[in-house]
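Counting from 55, one number per residue, gives the positions in the sequence shown under this note's numbering. See below for the structure under consideration.
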Amino acid sequence: MMSSIAQENVISPSKMKQRSRNKATKSMPSPIDSPPRIERNPLRESRDDVDVSSVRPSSSTPRRPNVVNSSLSRPQTTPRANNRSKLLTSDAYKDMNTAVVTEPPILKIMSPSENNEDSPRSKLQKKLFSNLRPPDPSLADLMDVLTDFDLTSHLRRVNACGAIKSLTLHKANQIPLARTKGVVPAITAVLCAVNATEEERTRCINALMHLCVPEENWKLVYMFPQTPEALARNMADKYPQIRYAACFATSFLAKKNRKEVIMNRLLMYAMARVLEVDKNGALDAMSAQDRKVFVGARLCVLKMILHLSKTKDVSTTLARTECIMSSLVSVAGTMELAANILCIAIMTNLTRHPDNAYYLVHSVPDLVTTFVSHVDSADAECKKCALYGLQNLSCASNCRQDLANLPDLLATVTKAAFRHDYPEQQVSALHTLKNLSDDPFNLVTMTNTPGCTATLLALANNDSTGGDSNKNFSASRVMAQYLACDTLATLSHWLLTLSTTRKSKDSGGGEGAGGKGGIDMGRRTFKQNTWDAWS
């Protein structure tokens with residue numbers, strides 16, 4: 055009897071192949087080949103509808119196993135399992151196929167959206183973009199012309215760029231247009247397009263610059279996805295007007311997006327390229343008008359980086375941006391006076407953060423050398439900034455030996471410490487010498503530097519003070535005298551410590567005031583020793 059039942063349930067191999075071909079042509083997964091999907095279907099209300107007898111083909115009596123065990127066991131493709139697929143109704147078959155087909159796309163779509171919603175930038179974008187108003191029909195048509203590079207003629211697109219520039223030129227339109235859906239994305243689309251012409255980019259970058267002027271737009275305009283890329287592309291443009299407008303617009307947006315601007319590598323590389331202008335020296339070969347615009351763009355970027363360097367939160371990140379630091383060091387001393395002052399001031403501001411000192415001394419090539427060279431600068435402001443930078447770096451205990459051993463540093467600082475006509479520079483130079491003297495290993499280096507000890511002695515014995523009419527100058531003289539005395543006392547302390555720890559063998563070699571001869575090496579004896587002198 056059992057053999058007859060088994061023969062009735064057996065399906066021939068030819069029918070099995072035909073059934074699998076028919077279901078493959080419908081782009082549906084075969085229930086014959088993958089019966090586990092029926093059991094793991096999350097959209098089914100109950101797993102009891104599935105016949106789990108296919109899991110145990112050798113059993114003579116059908117039994118319903120535990121749900122957990124059935125999920126762990128993997129069914130095999132057997133004649134009994136194949137026969138089960140023939141018993142499925144059309145509705146169950148549709149439900150199963152629907153679950154198999156629709157489940158993976160749901161996972162692929164929901165997972166990235168959840169990750170984007172968790173980021174602070176996406177939350178802020180969602181909050182800001184939810185308040186955008188829809189454009190009117192005429193403005194919508196204008197934006198369609200801007201973004202249609204295939205069906206719109208070049209002349210019509212140039213006219214559309216000019217129209218959007220004229221609209222943004224009026225102050226009354228700048229805030230409403232930035233809050234109109236599609237305006238900023240349309241402008242940035244033209245600026246990021248590879249096939250956009252110079253005329254189109256010139257008009258669109260001016261339109262974007264107009265939108266960046268109001269303070270209310272600084273956060274909103276930068277939040278649009280293509281704005282940083284559009285600014286970075288056009289900051290590195292070869293046309294002077296486009297480069298200047300992009301730099302000017304970025305300088306506005308950086309005031310309220312400091313961290314985002316510093317973390318954007320495209321913007322940082324674009325700024326470095328603007329600072330260097332052209333490594334091939336094309337700045338001297340261009341016309342006077344173009345050169346003036348390029349110099350203005352570089353000055354704009356320097357002011358923007360100076361603003362960023364004054365912020366403590368982004369100081370460490372900016373100091374570790376290699377492209378910016380290498381550009382600042384390379385162009386220092388080669389630019390016009392106004393730009394050179396900004397360049398030295400930026401590097402000085404970066405030394406204000408204690409965590410930057412070791413990195414700037416050991417990981418930024420020629421930074422300290424740049425400071426040393428500008429101590430002898432003809433400009434008083436550059437000289438003062440360079441001395442302030444050296445003073446901050448000398449406060450780090452792990453940098454003092456490297457600074458003291460740097461060629462010409464002690465000699466240059468000593469020379470600045472002796473100049474009474476610049477009180478601020480003199481006090482800063484003396485602070486630097488005092489900080490370097492705190493390291494005992496710098497004792498030999500400082501005493502061997504020509505003029506260092508003599509300058510300190512001269513300032514320590516300088517009792518001349520200014521009149522009552524110049525109290526600030528008199529106070530700086532008093533401070534300089536105090537710092538010189540403090541530095542000499544520190545150097546004397548290291549000499550005394552060295553003399554007490556290096557006792558001669560005749561004194562017994564003991565520690566402290568004792569010893570074999572009872573000589574205290576820490577006290578001065580004022581005793582003269584002679585050689586065979588006649589009394």
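C-beta: ideal position from N, C-alpha, C; glycine also.
In DSSP terms, what residue i is bridged to
| i | result |
| --- | --- |
| residue 257 | According to DSSP, residue 257 bridges with nothing at all. |
| residue 187 | 234 |
Closest Cα partner of residue i within the set the options
| i | options | result |
| --- | --- | --- |
| residue 231 | 263, 203 and 251 | 263 |
| residue 497 | 251, 547 and 486 | 547 |
| residue 319 | 372, 348 and 367 | 372 |
| residue 417 | 298, 346 and 379 | 379 |
| residue 475 | 505, 536, 531 and 515 | 531 |
| residue 483 | 493, 461, 509 and 494 | 509 |
| residue 179 | 224, 198 and 233 | 233 |
| residue 362 | 224, 314, 493 and 261 | 314 |
| residue 462 | 424, 434 and 438 | 424 |
| residue 355 | 342, 316 and 184 | 316 |
| residue 514 | 224, 543, 405 and 451 | 543 |
| residue 492 | 512, 455, 250 and 370 | 455 |
| residue 321 | 286, 345, 183 and 296 | 286 |
| residue 529 | 552, 481 and 554 | 481 |
| residue 405 | 434, 364, 431 and 387 | 364 |
| residue 473 | 527, 206, 185 and 554 | 527 |
| residue 1 | 357, 501, 552 and 539 | Because the chain spans 55 through 589 in this model, residue 1 falls outside it and cannot be assessed. |
| residue 438 | 451, 221, 537 and 403 | 403 |
| residue 271 | 552, 186 and 358 | 186 |
Simplified DSSP state of residue i, which is helix, strand or coil
| i | result |
| --- | --- |
| residue 1 | Coverage of the chain is limited to positions 55 through 589, which leaves residue 1 absent and any answer about it impossible. |
| residue 559 | At residue 559 the pLDDT is 41, less than 50, meaning the model places this residue with poor confidence; the figure from the coordinates comes in the next sentence. The answer is helix: DSSP assigns residue 559 an H, G or I state. |
| residue 589 | coil |
| residue 387 | coil |
| residue 217 | helix |
| residue 348 | helix |
| residue 406 | coil |
| residue 515 | coil |
| residue 453 | coil |
| residue 474 | coil |
| residue 501 | helix |
| residue 412 | helix |
| residue 530 | helix |
| residue 426 | helix |
| residue 224 | coil |
| residue 312 | helix |
| residue 483 | helix |
| residue 205 | coil |
| residue 394 | helix |
| residue 197 | helix |
| residue 282 | helix |
Cβ pair residue i, residue j closer than 8 Å
| i | j | result |
| --- | --- | --- |
| residue 375 | residue 426 | no |
| residue 331 | residue 348 | yes |
| residue 275 | residue 238 | yes |
| residue 471 | residue 487 | yes |
| residue 503 | residue 550 | no |
| residue 412 | residue 453 | yes |
| residue 219 | residue 257 | yes |
| residue 252 | residue 215 | no |
| residue 299 | residue 328 | no |
| residue 235 | residue 188 | yes |
| residue 395 | residue 436 | yes |
| residue 360 | residue 399 | yes |
| residue 196 | residue 217 | yes |
| residue 304 | residue 278 | no |
| residue 479 | residue 441 | yes |
| residue 284 | residue 324 | no |
| residue 377 | residue 389 | no |
| residue 490 | residue 511 | no |
| residue 259 | residue 229 | no |
| residue 2 | residue 240 | Not covered by the structure: residue 2. The range shown for the chain is 55 to 589. |
| residue 422 | residue 460 | yes |
| residue 420 | residue 383 | yes |
| residue 381 | residue 326 | yes |
| residue 409 | residue 468 | no |
| residue 261 | residue 201 | no |
| residue 366 | residue 407 | yes |
Minimum Cβ-Cβ distance from residue i to chain D less than 8 Å
| i | result |
| --- | --- |
| residue 359 | Among the chains in the structure shown there is no chain D, since it carries only a single protein chain. |
Could you tell me whether the stretch 247-267 touches the stretch 308-324, using the rule of 3 or more Cβ pairs below 8 Å?
no
Does the contact criterion of 3 or more C-beta pairs under 8 Å hold for the stretch 579-588 versus the stretch 528-548?
no
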